[in-house]
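Here the sequence shown is numbered in this note's numbering, starting from 845 and rising by one per residue.
Here the structure comes first, spelled out in structure tokens, and everything after it is commentary.
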Amino acid sequence: MSPRADVLDSGYKWDGELYPTLTYISWKATGYQIGGNNFFGLPTKHRGE
């Protein structure tokens, strides 16, 4: 099962709390800094695209 976060105008809601970025949620969930897109299974954007 993949983690789930709700997208809001003011950020992302996960586990009942509001976070500014998906990366912050991945850090809170794992204790490691993982790119939020990778953690949530989303495509990544490369610079310049």
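We treat Cβ as the ideally placed atom computed from N, Cα and C, and that holds for glycine.
Bear in mind that the values here come from a model prediction, so they are computed numbers and not experimental data.
query, result
"Per-residue burial, phenylalanine 883 [other beta carbons within 10 Å of its own, 16 or more giving buried]", "buried"
"Cβ-based neighbour list, threonine 865, same chain, cut-off 8 Å, excluding 5 preceding and 5 following", "Gly855, Tyr856 and Gly880"
"From Pro847, Trp871 and Thr867, residue whose alpha carbon lies closest to that of alanine 888", "In the sequence as displayed, the identity of residue 888 is threonine instead of alanine. Measuring from the Cα of threonine 888, the nearest candidate turns out to be Thr867."
"Alpha helix (DSSP H) segment containing leucine 866, residue limits", "866–874"
"Counted within 10 angstroms of its Cβ, other Cβ atoms place tyrosine 876 as buried (16 or more) or exposed", "exposed"
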